[in-house]
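A.B. asks:
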Amino acid sequence: MTYHINKNTTFLAFDFETTWLDVKKDEPIQIGIVRADSQFHILDTYTSLIRPKKDIKELKNIVQFITWLSLDQLSDAPTMEEILPDIRERFTDDVVVLWHNIAFDIAMMQPFLPDRKPQQQFDTFTRSQTLIHYPPSYALEVLWWQITDDYAKDPFILPDGTEWNYKDESHHDALYDSFTSLALARHLLQRIETLEETYDRLPQIADNHSLLSHIIDPKTKDQRPKTINLPVLTKPIPKNATDVAPTDPIVDLRTLEPNKTWFNGHIPLEQILLAAVAAKPIIIATHTWQKLEVIKNILSSHGYHDIGFAKPEQHIDYDAFTTLLSQEELSDDIVTFVLKYLSHHHQGLRVLQLLTEDERAIFDAIEKITDRHTNDIILCSHGGLYRLIEQWLYPNYLILYLDADRRYHSYNRFRSISFDPYQALTSLERIQRSYQIRQQIAHNEENQEILDQLESTISEATLFVGTIGIETTELFTGRPSDTVETGPLITKLERHRTAKSWPGLRDRLDELLAIENLHSKPVIQQLRDHLELIMTEIITIQRGVRDRGYLHYTYQTTHDYSDFSEFMGLFTGRQAIITSHVRTTNKPLVQLENHTHTPPTYPFTPTPPQLTQEIHKLDPTQSMTFFVLSSSKSSSQSLFQKLQADPHFSSYSLIVDGITGSTAKNTHKAQAGWPTIIIGGYYFYLNLLAKKVAIDHIIIYALGGAMKPLILGDVAYYS
3 MTYHINKNTT FLAFDFETTW LDVKKDEPIQ IGIVRADSQF HILDTYTSLI RPKKDIKELK
63 NIVQFITWLS LDQLSDAPTM EEILPDIRER FTDDVVVLWH NIAFDIAMMQ PFLPDRKPQQ
123 QFDTFTRSQT LIHYPPSYAL EVLWWQITDD YAKDPFILPD GTEWNYKDES HHDALYDSFT
183 SLALARHLLQ RIETLEETYD RLPQIADNHS LLSHIIDPKT KDQRPKTINL PVLTKPIPKN
243 ATDVAPTDPI VDLRTLEPNK TWFNGHIPLE QILLAAVAAK PIIIATHTWQ KLEVIKNILS
303 SHGYHDIGFA KPEQHIDYDA FTTLLSQEEL SDDIVTFVLK YLSHHHQGLR VLQLLTEDER
363 AIFDAIEKIT DRHTNDIILC SHGGLYRLIE QWLYPNYLIL YLDADRRYHS YNRFRSISFD
423 PYQALTSLER IQRSYQIRQQ IAHNEENQEI LDQLESTISE ATLFVGTIGI ETTELFTGRP
483 SDTVETGPLI TKLERHRTAK SWPGLRDRLD ELLAIENLHS KPVIQQLRDH LELIMTEIIT
543 IQRGVRDRGY LHYTYQTTHD YSDFSEFMGL FTGRQAIITS HVRTTNKPLV QLENHTHTPP
603 TYPFTPTPPQ LTQEIHKLDP TQSMTFFVLS SSKSSSQSLF QKLQADPHFS SYSLIVDGIT
663 GSTAKNTHKA QAGWPTIIIG GYYFYLNLLA KKVAIDHIII YALGGAMKPL ILGDVAYYS
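Going by our numbering, the first residue of the sequence shown is number 3, and it counts up by one from there.
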């Protein structure tokens with residue numbers, strides 16, 4: 003296959019395996035490099051283990067689990083300084099460096115090659131976010147599994163003439179991952195070329211992009227159209243729920259006494275949901291998004307597809323979008339947005355997956371404000387329901403409030419305010435970028451006035467964020483704890499520089515809010531309200547670590563209600579059926595004859611030997627999947643070590659959340675269908691249910707505390 007890549011392009015894919023993920027403290031322990039020409043012919047490869055400076059015995063056990071590298075091997079490996087000449091000769095300034103989440107590996111490399119700063123970097127992670135939509139995860143191995151069939155048709159040819167056999171390798175090997183990132187980059191560039199061939203004006207638009215114009219061969223410019231006819235993303239009309247054959251519900255929810263708590267644990271969730279859709283229009287609320295997915299799956303299996311979520315839909319002002327693209331010069335972020343938009347259209351997707359602040363800013367600038375579409379069935383979390391009630395949306399809808407025992411957590415969390423100064427500053431910068439684009443589309447005084455106001459507001463916000471960061475660091479000096487209670491800050495004007503900088507920022511925000519047609523007023527109003535709260539109430543400050551080791555603080559007000567009437571006051575003027583599947587003392591939602599509720603029982607194995615004996619009884623040839631529910635990370639890791647060392651389990655795929663990968667990555671592995679042992683916590687289990695992972699057995703291993711009854715109840719009710 004011929005690729006339309008600039009013939010002078012040389013790609014260099016590289017990867018480090020490291021002791022962990024902190025670029026300041028951790029070290030590389032393996033490197034892999036693959037160089038290829040413009041047609042993706044492999045020029046050469048290089049790999050080496052690297053002996054870290056840290057004592058091998060001090061390395062975390064997790065290093066061996068994640069990378070499968072033997073610590074004994076690392077003891078005999080060369081140091082980074084010893085292999086540096088081999089790396090330097092390949093890491094030249096003219097190559098296009100590519101990798102998945104490249105910033106981490108570049109940062110890891112920089113101390114060793116400070117004079118090597120490649121001008122062109124192709125991050126397959128960010129490019130995948132532009133061109134691959136709604137995958138289970140953007141992890142490299144998950145994306146790789148999606149393109150292996152394409153790769154098999156066009157394999158890499160090594161310098162000795164043989165094919166690179168990806169089936170003989172495994173992820174978390176630096177050379178293997180370098181090959182897979184190179185394959186992913188090729189796949190993404192093929193997608194861009196397909197889009198350029200499909201949409202006539204795209205090559206001219208892509209000429210504006212600093213990287214794409216460097217890599218992709220320039221087409222004949224005088225043959226290109228000067229205008230673009232944007233294809234419209236139209237949302238398909240869902241199959242209406244009224245087309246579904248009516249089902250006699252087990253209970254008519256609208257005849258029940260509203261705004262009191264009922265017991266529904268004696269009725270299958272499926273029957274409750276069928277009763278709910280018979281009473282539509284209805285809002286169904288649970289305490290986690292995973293349970294909402296379970297509910298959506300159940301309703302879809304019964305033919306109910308006209309289901310909405312508590313969020314506005316996307317609508318684009320195509321006149322504004324076309325005007326934006328008619329300009330001679332476009333920034334990289336706008337070109338990337340166009341690629342994403344056309345990629346969605348080409349794949350038949352009608353809802354843009356917006357992932358970055360740049361994408362959200364551009365969409366905000368071209369969004370067309372319309373009335374909210376009303377579905378007969380609305381799904382939302384508890385927090386989403388509270389926001390709907392505050393805004394008085396869907397006033398005539400019946401509310402089915404599931405998981406009543408979780409209300410303490412969800413309501414307190416809703417009433418408490420968690421404020422991240424850096425995120426607030428990012429939000430203001432996103433709004434500023436949106437108005438810069440609006441001004442490009444329509445030059446008018448109002449947009450310019452807002453831009454001027456935003457500039458002064460961001461200046462004040464930057465000062466505030468810097469000040470509160472310095473002052474908070476001083477507050478934590480000498481304190482071993484990661485939390486501290488303080489405030490109200492406004493009462494300590496003489497001592498707190500933060501309080502002195504707050505009035506200026508507050509005035510700038512008030513000036514913005516006074517602008518009548520401010521598009522992002524709700525975001526700025528919320529920011530202003532949250533700031534007012536952390537300045538005037540007692541707050542708890544949480545210390546954490548951002549990317550690359552930077553300290554990060556969040557400021558939280560706390561709300562702790564104990565009066566049930568306060569919670570019930572939310573539903574004044576509404577009709578709500580509030581249910582618990584755990585609390586049997588509540589009145590049953592439905593009276594069933596000859597029925598007594600028996601709580602479910604589960605096998606409980608308190609020690610790893612007992613648990614392995616239990617698992618030994620299962621037949622791995624039956625492709626069974628079973629889940630070990632453990633809320634203790636140390637217990638999960640200890641069990642993983644024992645299972646990994648036991649030959650009996652060699653035919654099983656072992657998945658441990660947080661150890662063998664992220665939740666999304668591990669969920670994708672669990673969907674493969676081979677014999678699997680999964681170890682994880684409650685929320686990981688819910689995530690598997692949401693993704694329709696079939697689990698044959700569940701064993702409660704390390705679970706205790708006050709939440710145990712609720713967790714066991716959820717496992718029984720939502721499985």
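C-beta atoms are modelled at their ideal positions from N, C-alpha and C, and glycine is treated no differently.
Predicted model, so just to flag it, every value in this text is computed and none were measured.
Could you give the distance in angstroms between the alpha-carbon of T324 and the alpha-carbon of L214?
C.D. replies: Spanning the two alpha carbons is a distance of roughly 21 Å.
A.B. asks: Relative to the C-alpha of D407, which candidate in S130, R585, K502 has its C-alpha closest?
C.D. replies: The residue with the shortest Cα to Cα distance from D407 is R585.
A.B. asks: Taking a contact to mean a Cβ-Cβ separation below 9 Å, would you say H583 touches F265 in this structure?
C.D. replies: Taking 9 Å as the Cβ cut-off, H583 and F265 qualify as a contacting pair.
A.B. asks: Quick one, which of C382, Q441, N398, F127 has its alpha-carbon nearest S412's?
C.D. replies: Checked all of C382, Q441, N398, F127; the closest Cα to S412 is C382.
A.B. asks: Whose C-alpha, out of H317, H521, L390, is nearest the C-alpha of F573?
C.D. replies: Cα-wise, what sits closest to F573 is L390.
A.B. asks: Hey, which unbroken runs of the beta strand (DSSP E) at 3 residues or more fall wholly within the stretch 622-705?
C.D. replies: With a minimum length of 3 residues, the continuous beta strand (DSSP E) runs that stay inside the stretch 622-705 are 627-632, 655-658, 678-682, 699-704.
A.B. asks: Can you look up D95 in the DSSP assignment and give me helix, strand or coil?
C.D. replies: Coil at D95, not helix or strand.
A.B. asks: Pick helix, strand or coil for G386, following the three-state DSSP scheme.
C.D. replies: Residue state, collapsed to three classes: helix.
A.B. asks: Starting from the C-beta of K223, find all residues in its chain whose C-beta is less than 6 Å away, skip the five residues before and the five after it, and write them out in chain order.
C.D. replies: Any reading at K223 must be qualified, since the residue scores a pLDDT of 48, below 50, and its modelled position is unreliable; the value itself is stated next. Taken in chain order, the list of residues that qualify is empty.
A.B. asks: In three-state terms, what does DSSP make of H347?
C.D. replies: Of the three classes helix, strand and coil, the one that applies to H347 here is helix, per DSSP.
A.B. asks: Do L86 and P233 have their C-beta atoms closer together than 9 Å?
C.D. replies: In this structure, P233 does not lie closer than 9 Å to L86 by Cβ.
A.B. asks: Excluding the 5 residues preceding and the 5 following L613 in the sequence, name in chain order all residues of the same chain whose CB lies nearer than 8 Å to its CB.
C.D. replies: Counting only Cβ-Cβ distances below 8 Å, and skipping sequence neighbours, we find T607, V630, L641, I701, Y703.
A.B. asks: Could you tell me the distance, in whole angstroms, from the CA atom of T500 to the CA atom of I697?
C.D. replies: Answer to the nearest angstrom: the Cα atoms are 52 Å apart.
A.B. asks: L1 and H189: beta carbons closer than 9 Å?
C.D. replies: Summary: the structure shown does not reach residue 1, with the chain confined to residues 3 through 721, and so no result is reported for it.
A.B. asks: CB-CB under 6 Å to Q273, same chain, minus the five flanking residues each way: which ones, in chain order?
C.D. replies: The answer, listed in chain order, is I252.
A.B. asks: Among the residues of its own chain, which have a CB less than 7 Å from the CB of T459, if the five just before and after it don't count?
C.D. replies: Within the same chain, T459 has close Cβ partners L430, R510, L511, L514.
A.B. asks: Could you tell me which of I309, P157, R417, G660 sits nearest to K635, measuring between CA atoms?
C.D. replies: Per the Cα distances, G660.
A.B. asks: Skipping 5 residues on each side, what residues in its chain have a beta carbon closer than 8 Å to that of Y136?
C.D. replies: Closer than 8 Å at the Cβ level, and outside the excluded window around Y136, lie L351, Q355.
A.B. asks: With a cut-off of 8 Å on the beta carbons, I'd call T290 and I580 a contact; round off their distance for me.
C.D. replies: The Cβ separation is near 17 Å, so there is no contact.
A.B. asks: When you compare only the Cα positions, how much space is there between A312 and N377?
C.D. replies: One C-alpha to the other measures close to 10 Å.
A.B. asks: On a CA-only basis, which of G267, R129, T94, L186 is nearest D117? Give me that one, please.
C.D. replies: Ranking the options by Cα distance to D117, first place goes to T94.
A.B. asks: Report yes or no: do the stretch 484-493 and the stretch 526-541 share at least 3 C-beta pairs separated by less than 8 Å?
C.D. replies: In short, these stretches touch, since the Cβ pair count reaches three.
A.B. asks: Hey, quick one: how far does the alpha helix (DSSP H) through R129 stretch, first residue to last?
C.D. replies: Element bounds for R129: 126-133.
A.B. asks: DSSP three-state call for E487: helix, strand or coil?
C.D. replies: Looking at E487 - three-state DSSP - the assignment turns out to be strand.
A.B. asks: With distances taken from CA atoms, which of A208, W146, E195 is nearest T182?
C.D. replies: It is W146 whose Cα lies nearest to the Cα of T182.
A.B. asks: Under a Cβ-count criterion, where at least 16 other Cβ atoms within 10 Å of its own Cβ denotes burial, should R129 be classed as buried or exposed?
C.D. replies: It is buried - the Cβ of R129 has at least 16 other Cβ atoms within 10 Å.
A.B. asks: Kindly list the residues whose CB is nearer than 6 Å to the CB of Y5, restricted to its own chain and excluding five residues on each side of it in sequence; keep chain order.
C.D. replies: Contacts found: Q41.
A.B. asks: Considering only the beta carbon of each residue, do V337 and H211 sit closer than 9 Å?
C.D. replies: The answer is yes: Cβ separation under 9 Å.
A.B. asks: Rounded to a whole number of angstroms, what is the C-alpha to C-alpha distance between G2 and D405?
C.D. replies: Within the shown structure, residues of the chain are numbered from 3 to 721, placing residue 2 beyond reach of any answer.
A.B. asks: Suppose contacts are defined by Cβ-Cβ distances below 9 Å. Is I1 in contact with I380 by that definition?
C.D. replies: Any question about residue 1 goes unanswered here, given that the chain covers just 3 to 721.
A.B. asks: Suppose you measure from the CA of T47 to the CA of Y178; what does that come to, to the nearest Å?
C.D. replies: Using only the alpha carbons, I get a separation of about 11 Å.
A.B. asks: When you compare only the Cα positions, how much space is there between Y684 and G267?
C.D. replies: About 19 Å.
A.B. asks: At what residues does the beta strand (DSSP E) containing V36 begin and finish?
C.D. replies: Segment 30-38, the beta strand (DSSP E) holding V36.
A.B. asks: May I ask you to report which of helix, strand or coil DSSP gives I64?
C.D. replies: Here I64 scores only 48 on pLDDT, less than 50, and its place in the model should not be relied on; the value that follows carries that caveat. In the structure shown, I64 sits in a helix (DSSP, three-state: H, G or I).
A.B. asks: Using the Cβ count rule (16 or more neighbours within 10 Å means buried), how would you classify E19?
C.D. replies: Answer is buried; the Cβ neighbour count reaches 16.
A.B. asks: So, under 8 Å CB-CB, A15 and L100 are touching, yes? Tell me the CB distance rounded to an integer number of Å.
C.D. replies: The Cβ separation is near 5 Å, so the contact holds.
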